[in-house]
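Student: Residues in the sequence shown are numbered consecutively from 30, following this note's numbering. We treat Cβ as the ideally placed atom computed from N, Cα and C, and that holds for glycine. Here it is, the structure in full.
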Amino acid sequence: RLSALVCLGFMRMFAWPHSRVTQARISLLVVLCAVFLNSGSTTAASCDDADSSYSGFAWGNATQASLRLFLHRTASAGHVPVTYSATYSLLEQIDAHNTTAVRLAYGSFGGKCRTETHYGRECVWNREHLWPQSFGVGESSGLSYDAPPRVDMHALVPSHYSLNSARSNRVFKQITTEDDTTCAACCINWSNGATCESPVATATMVGAFGSASIGGNWQPPPEMRGFVARAMMYMALRYDGNDDGTFELRLAQSASKPGTVADGGANQTYFSFGVLSDLLLWHRNHPVAEWERVRNTAVCNAQGNRNPFTDHPEVVETVFGTAEEAELGIDTWSVGWSGEDESGTGLGRARTWTVFFAAYLYAFIT
């Protein structure tokens, strides 16, 4: 939008005030504006050809800022949020295990009950927001019923209703040892003397092996950890708060909300969630599975955009830093960064040089 206004102003300044503007000069301005508007731009995702969504970007010369901006724009381009009521039937297709059941986030499968001949059957599952609604995604944060992050199916998945309730808004954390057989050192002898629960269980449902919970922490089973990590990274990349009906979301070592006094004493203006270091480890230790790639395409077909970290998992540490850096409290996510802030990035510099070249060429020819 800003680019279009700058281009229009450029045309008005150099062309429209003159009474004897030639057709050639007008044509030149149109061409230059087209170049300007397309410099650093991205196109809507191609759901059937993932590679085409990322074409034209100089991967080898990317900085953290330019890569983050490019991926943010790629994840945003073409995104047309569905309605919240529509997500039930869509998830039943996207997360289908077979013709009669859907895959549930924290273990087991649930019978289809929302679409076609299955409609009206008893439902044991509902919709789980991996990024909790109370942390900048849903109505409890002040957003609308159909707010884009609330209906975003890259981080909205089926879950057994009792496990969804049990998870609540707990942060994601590695609670058990690597082999998932015992509680990790962090989660033995909790403040109230309790140890971790693994697998997680409710009165009506037991989660899959490797699921766990303690205090305000929650661990999905191993087959879901990489997916959960990449879904959370997508949310932090996609939502910078500049779109209507959204807040800025960030990954951090702990969960916090706007108004929190962040490091440095400034009032926090964004929602953060975590635990970032554990999510980075899950991403590293649990590579993208084939079902994730299939799901990424299915979500794209439903809402028009892809999760870049499923398509390009190799760039995660460039964007978010390493698990070790996060553990040490090193802030690799620029505090002042916004998805539409081009200053200091390769794309911003490209547009600056485009404007300079356009003005120079115009003056030279005319």
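Can you find at least 3 beta carbon pairs, one from the segment 331-339 and one from the segment 273-292, that sit closer than 8 Å?
Tutor: no
Student: With a Cβ-Cβ cutoff of 9 Å, do Thr275 and Pro178 count as a contact?
Tutor: Yes, the pair counts as a contact, with Cβ atoms nearer than the cut-off.
Student: In this structure, how does DSSP classify Asp269 when only helix, strand and coil are distinguished?
Tutor: Under the three-state reduction of DSSP output, Asp269 falls in the strand class.
Student: Please name the residue, chosen from Asp307, Leu305, Ala284, that lies closest to Tyr299 on a Cα-to-Cα basis.
Tutor: Ala284
Student: Tell me which residue opens and which closes the beta strand (DSSP E) that Ser242 is part of.
Tutor: 241-243
Student: So which of Glu321, Asp272, Cys225, Met264 has the shortest CA-CA distance to Phe399?
Tutor: Here the chain has residues from 30 to 395 only, and residue 399 is not among them.
Student: If you check the beta carbons only, do Gly140 and Cys152 fall under 9 Å apart?
Tutor: For the 9 Å CB-CB criterion, Gly140 and Cys152 form a contact.
Student: Looking at the unbroken alpha helix (DSSP H) that takes in Pro187, where does it start and where does it end?
Tutor: No alpha helix (DSSP H) holds Pro187; the beta strand (DSSP E) holding it covers 185-189.
Student: Within a Cβ cutoff of 8 Å, which residues of the same chain sit near Gly149, ignoring the five residues on either side of it in sequence?
Tutor: Cys142
Student: For a test of the three-state rule: what should DSSP assign to Thr144, helix, strand or coil?
Tutor: When secondary structure is reduced to three states using DSSP, Thr144 falls in the coil class, being assigned neither helix nor strand.
Student: Reducing DSSP to helix, strand and coil, say where Gly255 ends up.
Tutor: Annotated three-state conformation of Gly255 is helix, per DSSP.
Student: Only counting the same chain, and skipping five residues up and downstream in sequence, which positions put a Cβ closer than 6 Å to that of Arg267?
Tutor: Ala104
Student: For the alpha helix (DSSP H) that Gln122 lies in, which residues bound it at each end?
Tutor: Note, Gln122: alpha helix (DSSP H), 113-123.
Student: Starting from the Cα of Ser301, find the closest Cα among Ala134, Ser95, Trp160 and give me that residue.
Tutor: Ranking Ala134, Ser95, Trp160 by Cα distance to Ser301 puts Trp160 first.
Student: Quick check on the DSSP output: the beta strand (DSSP E) that includes Trp154 runs from which residue to which?
Tutor: 154-158
Student: Check for me: the alpha helix (DSSP H) holding Val180 runs from which residue to which?
Tutor: Segment 177-180, the alpha helix (DSSP H) holding Val180.
Student: Going by the DSSP bridge assignment, what does Gln162 pair with across the sheet?
Tutor: None, per the DSSP bridge assignment.
Student: From what residue to what residue does the beta strand (DSSP E) around Gln332 run?
Tutor: Counted as a single uninterrupted DSSP element, the stretch harbouring Gln332 is not any beta strand (DSSP E) but the alpha helix (DSSP H) occupying residues 319-332.
Student: Counting pairs of Cβ atoms below 8 Å between the segment 172-192 and the segment 229-239, do you hit three or more?
Tutor: yes
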